[in-house]
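Asks:
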Amino acid sequence: MVLRIFDPKALEDRKILLRVDFNVPMEGDFVSDSTRIAAHIPTVRSLCEAGAKVALVSHFGRPKGTRSEEFSLRRVLSTVETVLQKKIVFVDDCVGDIVAATMDTLPRGAVALLENVRFHKEEQENDERFASHLAAPFDVFVMDAFSAAHRADASTNGVTKFLPSFAGLLLEREVSMLSRVSDFPERPFVILLGGAKVSDKIGVVEHLLEKATTICIGGGMAFTFLAAQGHRIGRSLLEEDKIPFAGEMMQRAKENGVGILLPVDVLLAKRFEDDTYRVSDVSAIGDDELGLDIGPETVRLFGDCVRAAKTVLWNGPMGVFEREAYSSGTRRIGDALKECTGLGGTTVVGGGDTASAAKMLGFAESVSHVSTGGGASLEFFEGKLLPGIAPLLL
Ligand code: AMP
4 MVLRIFDPKA LEDRKILLRV DFNVPMEGDF VSDSTRIAAH IPTVRSLCEA GAKVALVSHF
64 GRPKGTRSEE FSLRRVLSTV ETVLQKKIVF VDDCVGDIVA ATMDTLPRGA VALLENVRFH
124 KEEQENDERF ASHLAAPFDV FVMDAFSAAH RADASTNGVT KFLPSFAGLL LEREVSMLSR
184 VSDFPERPFV ILLGGAKVSD KIGVVEHLLE KATTICIGGG MAFTFLAAQG HRIGRSLLEE
244 DKIPFAGEMM QRAKENGVGI LLPVDVLLAK RFEDDTYRVS DVSAIGDDEL GLDIGPETVR
304 LFGDCVRAAK TVLWNGPMGV FEREAYSSGT RRIGDALKEC TGLGGTTVVG GGDTASAAKM
364 LGFAESVSHV STGGGASLEF FEGKLLPGIA PLLL
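Quick note: to get my numbering, add 3 to the position in the sequence shown (first position is 1).
Here it is as C-alpha cells:
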C-alpha cells in the first residue's frame with residue numbers, strides 16, 4: 004500500500020488543512036496523556052518549515068453536533084502549544100468566514116487550531132456540502148489522523164473530493180509499519196492476542212491466521228478458547244456464543260500448520276476486586292474462581308515464542324494490567340517483545356488498551372512501533388481499506 008505523500012517544496016505559502024487527532028483524555032482541565040498530540044509533531048514541523056500556513060482540524064469527544072464548552076478544543080490549546088513548541092491561533096469554528104479570514108492573515112510557517120469539527124452534525128454524516136465548506140479556505144488537505152481513518156467523516160474522507168490530498172508523516176509511518184506486518188511478515192510471525200473480547204478480534208484472526216506461524220492467546224478472551232477445548236473455567240470471562248468460532252479457528256489453524264498456544268496456567272481470584280490470587284494449572288480452575296492474568300509457565304511459553312520471532316503483532320493485554328496484582332503477564336511479555344526487537348525483529352503493538360499498557364508498563368519505547376489507532380488498527384489488520392486512507396492511495 005503506497006500513499007501519496009506531500010512534497011514540502013511545493014507547499015510554500017500554501018494554506019493547508021491538516022487533519023489531526025487531538026481527542027485526548029482529560030483529567031479536569033488538564034490533558035492526562037498528550038501522546039496523540041506529540042505523534043503529529045513531525046508532520047506539523049515539516050509543513051511549517053516548508054513555509055506553509057497550517058490549520059489543524061480534529062474531533063474531540065462526542066458533542067453530537069452541538070457546541071459546548073466541555074468539548075471545545077480550546078481546552079487542549081495550551082497543551083498543543085507546549086507540545087509543538089509554538090504559539091497557536093485558536094479559531095472559534097472550523098468552517099465559514101472566520102476560518103477564511105484567519106488563513107488570509109496567518110503568516111507563513113504559522114499554525115491555527117480550528118474548533119471541534121464534531122460541533123457540526125454533518126461531519127459524521129460525511130455531508131458533501133459541509134466537506135466543501137471545510138475545504139473552501141484551503142489549497143491542500145493533509146490527512147495525518149490514522150486513529151480516525153476508519154471513520155468515513157467529512158474531515159477524514161469527504162474533504163478529499165475538493166482538495167489535492169496527501170498523507171501526513173504519521174499516517175505514512177502507521178501504514179508502512181502495519182503493512183509490513185500484515186502483508187509481508189518475515190517468519191516466524193507471532194500474533195499475540197488478549198484483552199476482554201473475542202468478538203473484537205475475530206476479523207483479525209480470520210484475515211491473518213494463515214500468515215501466522217503461531218498465535219498466542221491470553222487475556223480474558225483465552226477462556227472462551229479454553230472452554231472450547233473442554234476446560235472448566237469457573238467464573239472467568241466467557242463469550243459463550245463465540246465458543247464455536249474458537250473451535251473452528253483452532254481446527255483451521257491445525258489444517259494450515261499454524262500453532263495455537265493457550266495459557267497453561269493462570270492467576271485465579273475469588274472475586275474480580277480481589278488482589279489476592281493463587282497460581283493454578285488451567286485444568287484446576289475452581290467453579291467459584293476467575294482468571295485475571297496468565298501464569299509464570301505461560302509467560303515462559305509465550306515469551307520463548309516471541310523471542311524467537313522475526314515479526315510480532317500484539318493486540319490485547321494478557322491480563323487486567325491496570326491492577327498491579329495482574330500486570331506481570333503483560334509486563335513480562337512486553338520484556339520479551341523488547342528482546343525480540345533488540346535481536347532485529349519487527350514488533351508492532353496495536354493501539355487502544357495495548358498501547359496504554361505499553362506506556363504504563365514501560366515498554367512502548369522498546370518496540371518497533373506502537374500504533375496510535377485502536378479501532379483503526381484492528382480494522383487495518385482485518386484487511387479493510389480504511390475510508391480515511393483509500394483516497395490517498397497512489
Ligand atoms: P480489549 O479492549 O478487548 O483489548 O480489552 C482490554 C481489557 O481487557 C483491559 O481493560 C483488561 O483489563 C481486560 N482484561 C484482560 N484480561 C482479562 C481477564 N482475564 N479478565 C477480565 N478482563 C481482562
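A virtual CB, placed ideally from N, CA and C, is assigned to each residue, including glycine.
Below 7 Å CB to CB, which residues in the same chain sit around Phe-165 once its five sequence neighbours on both sides are set aside?
Replies: Taken in chain order, the residues that qualify are Ala-134, Ser-135 and Ala-138.
Asks: Any chance the CB of Pro-299 is under 7 Å from a heavy atom of the ligand HEM?
Replies: The model on display carries the ligand AMP but not the ligand HEM.
Asks: Using CA atoms only, rank isn't needed, just tell me which of Arg-238, Ile-297, Arg-65 and Glu-243 is closest to Val-267.
Replies: Answer by Cα proximity: Ile-297.
Asks: Count the other C-beta atoms from every protein chain shown that fall within 10 angstroms of the C-beta of Asn-318, then say buried if there are 16 or more, exposed otherwise.
Replies: It is buried - the Cβ of Asn-318 has at least 16 other Cβ atoms within 10 Å.
Asks: Just curious, the beta strand (DSSP E) that Gly-262 is in, first and last residue?
Replies: Looking at the DSSP string, the run of the beta strand (DSSP E) that includes Gly-262 is 262-264.
Asks: Answer with buried or exposed for Leu-396, where buried requires no fewer than 16 other C-beta atoms within 10 angstroms of its C-beta.
Replies: So Leu-396 counts as exposed.
Asks: Tell me which residues share the same chain as Ala-42 and place their Cβ nearer than 7 Å to its Cβ, disregarding the 5 neighbours each side in the sequence.
Replies: Hits under 7 Å: Leu-173 and Thr-375.
Asks: Alpha carbon to alpha carbon, how far is Ile-91 from Arg-238? Give it in angstroms, no decimals.
Replies: Those two C-alpha atoms are separated by around 52 Å.
Asks: Could you tell me the distance, in whole angstroms, from the CA atom of Ser-49 to the CA atom of Pro-11?
Replies: Each residue's alpha carbon lies about 7 Å from the other.
Asks: Can you name the start and end residues of the beta strand (DSSP E) that Thr-217 belongs to?
Replies: Per DSSP, Thr-217 belongs to the beta strand (DSSP E) from 217-220.
Asks: Any idea what DSSP makes of Glu-118, helix, strand or coil?
Replies: Coil at Glu-118, not helix or strand.
Asks: When the Cα of Val-282 is compared with those of Val-83, Val-34, Ala-328 and Gly-161, which residue comes out closest?
Replies: Looking at the Cα atoms, Ala-328 is the closest of the given residues.
Asks: How many whole angstroms separate the CB atoms of Lys-67 and Ile-19, which I take to be in contact at a CB cut-off of 8 Å?
Replies: The Cβ separation is near 28 Å, so there is no contact.
Asks: Write down every uninterrupted run of the alpha helix (DSSP H) in the region 20-67 whose length is 4 residues or greater and which is fully enclosed by it, in chain order.
Replies: For the region 20-67, whole alpha helix (DSSP H) runs of length 4 or above, ordered along the chain, are 38-41 and 44-52.
Asks: So if DSSP puts Phe-144 in a beta bridge, which residue, or which two residues, is it bridged to?
Replies: DSSP output for Phe-144 lists Leu-20 and Ser-168 as bridge partner(s).
Asks: Give the list of continuous beta strand (DSSP E) stretches no shorter than 3 residues that lie fully inside the region 312-392.
Replies: Whole beta strand (DSSP E) segments, 3+ residues: 314-318 and 349-352.
Asks: Excluding sequence positions up to five away, which residues of its chain have a Cβ less than 6 Å from the Cβ of Ala-58?
Replies: For Ala-58, where only same-chain residues beyond five positions count, the Cβ hits under 6 Å are Leu-20, Ala-115 and Leu-117.
Asks: Assuming contact is defined by CB atoms lying nearer than 8 Å, are Thr-357 and Pro-390 in contact in what I supplied?
Replies: No, these two residues do not count as a Cβ contact at 8 Å.
Asks: Three or more C-beta pairs under 8 Å: does that hold for the region 349-369 against the region 177-190?
Replies: Yes, they touch.
Asks: What's the gap between the Cα of Thr-85 and the Cα of Val-23?
Replies: Roughly 16 Å separates the two Cα atoms.
Asks: Roughly how many angstroms lie between the CA atoms of Ala-361 and Gly-161, to the nearest whole one?
Replies: Approximately 34 Å between the Cα atoms of the pair.
Asks: So for Asp-284, helix, strand or coil by DSSP?
Replies: Three-state DSSP puts Asp-284 in a strand.
Asks: Using a 10 Å radius around the Cβ and a threshold of 16 neighbouring Cβ atoms, would you call Glu-177 buried or exposed?
Replies: The residue in question, Glu-177, is buried, as its Cβ has 16 or more Cβ neighbours within 10 Å.
Asks: When burial is assigned at 16 or more other CB atoms within 10 Å of the CB, is Lys-245 buried or exposed?
Replies: That one is buried.
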